[in-house]
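The listed protein sequences derive, respectively, from chains A and B.
First residue of the first sequence: 8, per the working numbering; consecutive thereafter.
First residue of the second sequence: 236, per the working numbering; consecutive thereafter.
C-beta: ideal position from N, C-alpha, C; glycine also.
First the structure, in the form of structure tokens, and then the observations on it.
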Amino acid sequence: MTGPNTPLVQHFKSLVYALGAAPADRPFVTMWKSATEAEAVTFGVFRERARSHAQYFGSLGLKKGDTVILIMPQGIQLMSAFVGVMLLGAIPAILAYPNHKVEPAKYHFGLAGVSANLKATLTVVDKGFPEDLLSHIALHANSRLVCCENELPSQPWLESGDDVEATELAFIQHSAGTTGLQKGVALTHGAVLRQIKHLAAAIRLSSEDRIYSWLPLYHDMGLIACFMLPLACHLPVVMQSPMEWVMQPRSMLEIMSMERCTLAWVPNFALQFMARRTRPEDSYGIDLSSVRALINCSEPVRASSIDEFVSAFSNHGLHRNAVHSCYAMAETVFAVTQSDVAAPGPSRIWLDGNALRRQGVVRVVASSAPDSLCLVSSGRPLPNTRIRVVSNAGEDLGISRVGEIVVQCDSMLTGYYNRPDLTEKAVRDGWYRTGDLGFLFAEELYVIGRKNDLIIVAGENIHPEDVEEIISAHRAIYDGRVVAFGNYNPDLGTEEIVVVAEIRNHNDLVNVPAIERELRSAVKAELGVAVGPLYIKPPRWIVKSTAGKPARTTTREKLVAEHPNLLHKGDHFNV
Amino acid sequence: MSDPKAQMIEFILKGIIRSPRTPIDEKTPLVSSGLVDSLALVDILLKLEELTDTRIPIGKIQAKDLDTVETMFSSALRVGKPRK
């Protein structure tokens with residue numbers, strides 16, 4: 008419970024001040040590498056490292072108001088560089104680090120749009136950044152690329168940030184989405200600190216809490232919940248690289264057990280992913296009794312995923328009410344709603360599936376009713392947050408009707424960085440249009456999907472148009488005759504990308520295996536995710552709309568009719 | 236029973252890529268080529284542990300160590316511990 012000893016009652020005008028107020032000897036970040044290897048820093052040491060980065064960036068001419076792109080592996084160096092930029096009153100933005108060998112030409116394309124939009128003065132990479140990609144980072148004329156030393160000379164912490172006001176920009180976090188369509192969300196110190204205050208209250212944050220995270224820092228869940236929150240509230244956080252977690256998902260459970268962590272945020276798929284990929288013999292020694300809230304966020308929350316996780320680990324000390332839910336987005340800094348962490352898990356309701364799908368009407372039925380659909384609440388709005396559900400025309404739908412979720416709160420974005428056109432489209436009369444579909448019921452929010460055809464793969468938003476464009480570019484594919492869509496795979500606990508593409512020439516049908524391989528490589532290289540089922544069809548197979556474009560819904564129906572095994576059975580709700 | 240590497244190739248084709256027509260052999264790049272994405276690595280790793288009768292300690296293996304069937308078996312030999 009929040010009490011007089013928690014630092015949360017303090018008010019700071021900037022994140023820099025919040026960090027400066029932390030006790031020097033209090034543990035801050037532990038970067039876990041293996042059972043025998045970890046790097047740990049206290050708040051005091053972290054501040055010295057941040058100051059070293061500030062001095063280094065200052066020596067390169069960085070000044071207040073400049074923007075800086077950071078492309079470094081997950082870890083303390085990246086985190087202290089991020090704060091080092093803020094110490095100068097400059098504005099950092101973290102971009103994803105290339106995980107695997109990426110085709111250089113594709114990397115150039117991927118980064119060009121974002122770096123051009125940010126007009127960054129500096130782009131900072133680490134010494135280990137792949138050499139063949141260095142020359143492919145696209146920078147604008149007044150920007151500089153620097154390789155940051157792993158070890159910078161330690162600098163004493165001096166009070167700084169005197170001239171940083173709450174209304175000034177703290178950093179830019181990118182909205183989830185593929186690189187070409189990522190939008191830089193500009194956030195002030197004040198907005199971030201207000202979000203942290205509300206979130207801390209909603210999850211009843213205590214000075215006894217210890218956070219675990221494998222979440223990437225270029226994503227709001229990792230950056231806000233697992234870096235800014237512990238930074239401003241002076242709490243320890245144990246981190247792991249996302250790639251190490253995804254290769255060995257049981258590692259999260261082992262680290263939480265060993266480090267006695269109390270809080271973590273995960274996308275929905277992670278629950279099932281861990282439950283199904285932790286063998287009984289690997290569960291020995293797992294003790295989750297310290298976990299008071301595991302918060303399911305960033306994908307629609309599924310009852311089956313929660314139940315599977317709880318059932319798999321309740322014998323390992325996991326409290327039956329430990330899994331909670333949250334609805335969050337980069338544009339509001341992070342959380343919009345949060346389930347009551349003192350309640351026995353998020354609320355659930357059973358609805359008439361037909362009424363929901365066909366009429367967008369919420370009709371509660373018994374759980375045993377035919378075609379009943381179980382939906383999990385994302386909780387109540389945070390303090391100073393208002394939610395409305397509106398029709399396509401923007402009319403209020405009130406409660407119990409499905410529509411677009413629009414949000415207003417005191418931690419809203421200042422705007423999309425250098426994109427007033429996008430800001431104007433997304434924010435109308437002070438309300439942010441989320442593009443998510445959901446409904447309000449008993450004062451709680453239920454999120455059921457996206458208004459457009461966005462595909463959510465393990466928490467990453469993938470626009471089908473991006474996939475279609477890449478596939479269309481292949482010489483053997485009829486230009487524009489490609490359809491991509493998301494399909495929930497219960498084994499993965501998330502959506503996978505399904506692609507159907509029309510071949511240009513009948514003669515190429517004999518080369519399908521090689522073409523398929525090239526198409527998979529192209530999508531992976533550009534978007535960083537793999538294609539699931541891929542179907543290459545003869546000419547004139549794809550259904551076109553009256554405008555002559557591929558009709559996504561009708562083509563999907565035709566594909567499912569030909570390949571009925573494509574659709575998995577589950578409790579998912581496809582809008 | 237065929238040799239473990241052949242079993243791994245069969246598993247990847249049928250269980251991961253789900254396209255038996257895709258030509259892969261022991262030296263085919265899987266991760267760096269985009270044939271296999273990060274979400275599938277855990278399934279490959281669990282299969283590798285099963286086929287080599289080892290347990291690979293957390294934090295001791297990276298994606299590049301699983302890039303080909305050949306490298307994954309040599310990695311298991313290097314860092315795997317005999318299963319109890």
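Assigned secondary structure, residue i (DSSP; H/G/I helix, E/B strand, else coil)
| i | result |
| --- | --- |
| residue 158/A | coil |
| residue 381/A | strand |
| residue 333/A | strand |
| residue 181/A | strand |
| residue 246/A | strand |
| residue 355/A | strand |
| residue 41/A | strand |
| residue 253/B | coil |
| residue 512/A | coil |
| residue 547/A | coil |
| residue 576/A | Residue confidence is low: residue 576/A scores 44 on pLDDT, short of 50, so the model does not pin down where it sits. Its coordinate-derived value is still stated next. Note: residue 576/A maps to coil in three-state DSSP. |
| residue 231/A | helix |
| residue 484/A | strand |
| residue 131/A | strand |
| residue 328/A | coil |
| residue 321/B | The structure shown does not extend to residue 321/B, since chain B spans only 236 to 319, so no value can be given for it. |
| residue 225/A | coil |
| residue 220/A | strand |
| residue 7/A | Nothing in the structure corresponds to residue 7/A, since chain A is present only between 8 and 582. |
| residue 322/A | helix |
| residue 569/A | helix |
Counted within 10 angstroms of its Cβ, other Cβ atoms place residue i as buried (16 or more) or exposed
| i | result |
| --- | --- |
| residue 57/A | buried |
| residue 310/B | buried |
| residue 301/B | buried |
| residue 418/A | buried |
| residue 10/A | Here residue 10/A scores only 45 on pLDDT, less than 50, and its place in the model should not be relied on; the value that follows carries that caveat. Exposed. |
| residue 560/A | exposed |
| residue 445/A | buried |
| residue 185/A | Because residue 185/A sits at a pLDDT of 43, beneath the cut-off of 50, its placement in the model cannot be relied upon, and the following sentence gives the value as read from the coordinates. Residue 185/A should be labelled buried. |
| residue 480/A | exposed |
| residue 312/B | exposed |
| residue 160/A | exposed |
Short Cβ contact (8 Å threshold) for residue i with residue j
| i | j | result |
| --- | --- | --- |
| residue 462/A | residue 502/A | yes |
| residue 391/A | residue 196/A | no |
| residue 343/A | residue 331/A | no |
| residue 574/A | residue 238/A | no |
| residue 200/A | residue 22/A | yes |
| residue 246/A | residue 220/A | yes |
| residue 474/A | residue 383/A | no |
| residue 539/A | residue 496/A | yes |
| residue 415/A | residue 393/A | yes |
| residue 203/A | residue 100/A | no |
| residue 250/B | residue 288/B | no |
| residue 251/A | residue 466/A | no |
| residue 124/A | residue 191/A | yes |
| residue 380/A | residue 409/A | no |
| residue 334/A | residue 454/A | yes |
| residue 511/A | residue 483/A | yes |
Endpoints, alpha helix (DSSP H) assigned at residue i
| i | result |
| --- | --- |
| residue 430/A | 427-433 |
| residue 292/A | Run containing residue 292/A: none; DSSP gives neither H nor E here. |
| residue 258/A | 257-266 |
| residue 456/A | First-last for residue 456/A: 451-457, but that is the beta strand (DSSP E), not the alpha helix (DSSP H). |
| residue 24/A | 22-27 |
Identity of the residue in the options nearest residue i by Cα
| i | options | result |
| --- | --- | --- |
| residue 44/A | 262/A, 31/A, 54/A and 225/A | 262/A |
| residue 374/A | 367/A, 128/A and 310/A | 310/A |
| residue 464/A | 500/A, 268/A and 485/A | 500/A |
| residue 546/A | 489/A, 525/A, 361/A and 540/A | 489/A |
| residue 528/A | 313/B, 289/B, 264/B and 278/B | 264/B |
| residue 38/A | 249/A, 450/A and 121/A | 249/A |
| residue 155/A | 130/A, 171/A and 389/A | 130/A |
| residue 175/A | 395/A, 280/A, 194/A and 159/A | 194/A |
| residue 448/A | 369/A, 421/A and 521/A | 369/A |
| residue 487/A | 557/A, 494/A and 430/A | 557/A |
| residue 85/A | 121/A, 102/A and 72/A | 102/A |
Residue i: first and last residue of the uninterrupted beta strand (DSSP E) it sits in
| i | result |
| --- | --- |
| residue 415/A | 410-416 |
| residue 527/A | Note, residue 527/A: premise wrong, no beta strand (DSSP E); alpha helix (DSSP H) at 519-534. |
| residue 441/A | 438-448 |
| residue 395/A | 392-397 |
| residue 191/A | 191-195 |
Any non-hydrogen atom of the ligand GTP within 7 Å of residue i CB
| i | result |
| --- | --- |
| residue 300/A | The ligand content of the structure shown is nil, which means the ligand GTP is not present either. |
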